[in-house]
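Chains as they are written, first to last, in my numbering: chain W, 50 to 169; chain Y, 11 to 243.
Shown next, in structure tokens, is the structure this report addresses.
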Amino acid sequence: MNFLSSYIYYIGAFGLIFIGLFIILVKHNLIKIIIGLNLLDTGVNLFLISVGYLHQGTAPIFGKGSQVTPASMVDPVPQALVLTAIVIGASILALALSLGIRLYDHYGTLDLTEVRGQKW
Amino acid sequence: MRDLLSIRGAIALGLLIIITLGLVFATADIPFGDPKSNVGTYYLENGRRETGAANLVTSVVASYRALDTLGEVAVLFIAATGLSAILAAGTKRIDRKLEEASLVLATGCRLFFPLILLFGVYLFLHGHLTPGGGFQGGAVIGSAFLLIYLGCRRRKVSNTKTDTIESMSGLSFVLIGLIGLMIGGSFFLSNFLPKGEFYSLFSAGILPLLYIAIGLKVGSEFAGIIDNMMEET
């Protein structure tokens, strides 16, 4: 129980990364692969945030009149990293979807085994 | 289940189990929820004095690591440019019929559009004081344009206007950095404006200016991306 409560964020993050990678490797539909890519992205973001976690920590923001000290704040570096990574992830998702649109225009299908002419 | 039984699924599963075991052994030594890295501790203890921002994430994004933020904005720009290039290369479908949105949806989006815009602007104007900032405010502004495209199908955003705002804000980011290089000290993006009174809107020197530039750039880029994708489908 103690193990689960102290590592639950890592388990969740690695679970998301695992599911995302599995979808990317196994699925044939391009839309599903893009969804898997996005799940992988979310898992990496969650992992970075949980690395900076602090027990009983607060957000790294000073407030007027509040008694929060720097020692009780969580690490701001992973948060700043993930902040930009989320926005870039959204634009990369749009780029991947636009490639999917063009692929569908050209081949008339989103099934990658048909596009590549593979058997399995 | 069908995927798991195929050859490809079995190989992928085996590979992923190996990768996961490696990751578990690698992260087992990292203490969870314990004191932070040296860099983070330094930023927490000195960020308030050195940058004058109450939000320390802002002081990392827009002051200590502002050069990286410039790089990230460039990545965003390249992604948006690539998207419009890919979508412009194909044939346009002209025979699309637009279905009118219902009265409730059309009125609702006309009512909420200025409010969402206002909230986005608030987020990046107060980014150095409260939770929020340029990237979040820009994303909120982009969602307002998405609402307009979904609800009021006949309205369109001028492409030249979004492009102008995008390039002007990107240019002003670099200009602020160059002015800092000339006046403030010997490094790019140095804080040359007075820090002002702590917790007030006009404080923290160039940080609010940088966040305004980032917010406008991200917002206009998302509006352009949504415009390109809606044109196509």
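For every residue, glycine included, the Cβ atom is placed at its ideal position computed from N, Cα and C.
Note that the coordinates shown come from a computational prediction; the quantities given were computed from them, not determined experimentally.
With the rule of 3 Cβ pairs closer than 8 Å, the region 120-139 of chain W counts as touching the region 57-72 of chain Y. About 4 Å separates the beta carbon of Gly130/Y from that of Val150/Y, a gap short enough to meet the 8 Å contact definition.
By the criterion of a C-beta distance shorter than 8 Å, Cys162/Y is surrounded in its chain by Ala111, Ala116, Cys119 and Arg120, once the five residues flanking it on both sides are discounted.
Contact between Asn78/W and Leu148/W does not hold, since the beta-carbon distance rounds to 14 Å and is not under 8 Å.
With respect to the C-alpha of Val34/Y, the residue from Ile150/W, Ala62/W and Lys76/W having the closest C-alpha is Ala62/W. Across the structure, Tyr156/W and Leu144/W are spaced so that their CA atoms are roughly 18 Å apart.
Among the residues of the region 120-153 of chain Y, those with a Cβ less than 9 Å away from any Cβ of chain W are Leu139, Thr140, Pro141, Gly143, Phe145, Gln146, Gly148, Ala149 and Gly152, in the order of the chain.
By DSSP's assignment, Ile150/W forms no beta bridge with any residue. Where Ser177/Y is concerned, the enclosing alpha helix (DSSP H) starts and stops at Asn169 to Ile189.
Across the set Arg58/Y, Ala36/Y and Ile88/Y, the C-alpha of Arg58/Y shows the shortest separation from the C-alpha of Glu207/Y. Two segments are said to touch when three or more pairs of C-beta atoms, one from each, lie closer than 8 Å; by this definition the region 23-31 of chain Y does not touch the region 79-90 of chain W. In terms of Cβ geometry, Ile222/Y and Phe134/Y form a close pair [threshold 9 Å]. As the crow flies, the alpha-carbon of Phe122/Y is around 29 Å from that of Ser210/Y. Closest by C-alpha distance to Pro124/Y, out of Ile158/Y, Leu31/Y, Ala233/Y and Ile21/Y, is Ile158/Y. Counting C-beta atoms within 10 angstroms of its own C-beta, Glu109/Y has fewer than 16 neighbours from the protein chains shown and is therefore classed as exposed. Among the CB atoms of chain Y, one or more fall inside 9 Å of the CB of Arg151/W.
The three-state secondary structure of Ile72/W, taken from DSSP, is helix. Check the Cα spacing between Val228/Y and each of Ala95/Y, Leu203/Y and Ala90/Y: the tightest is with Ala90/Y. Scanning its chain for C-beta atoms nearer than 6 Å, with the 5 sequence neighbours on each side dropped, one finds around Ile216/Y the residues Ile186, Asn201 and Leu203, in chain order. Taken atom to atom, the span from the alpha-carbon of Leu160/Y to that of Ile235/Y is near 14 Å. Sequence-distant partners of Phe198/Y (beyond 5 residues in either direction) whose C-beta falls short of 6 Å from its own C-beta, in its chain, are Gly187 and Leu191.
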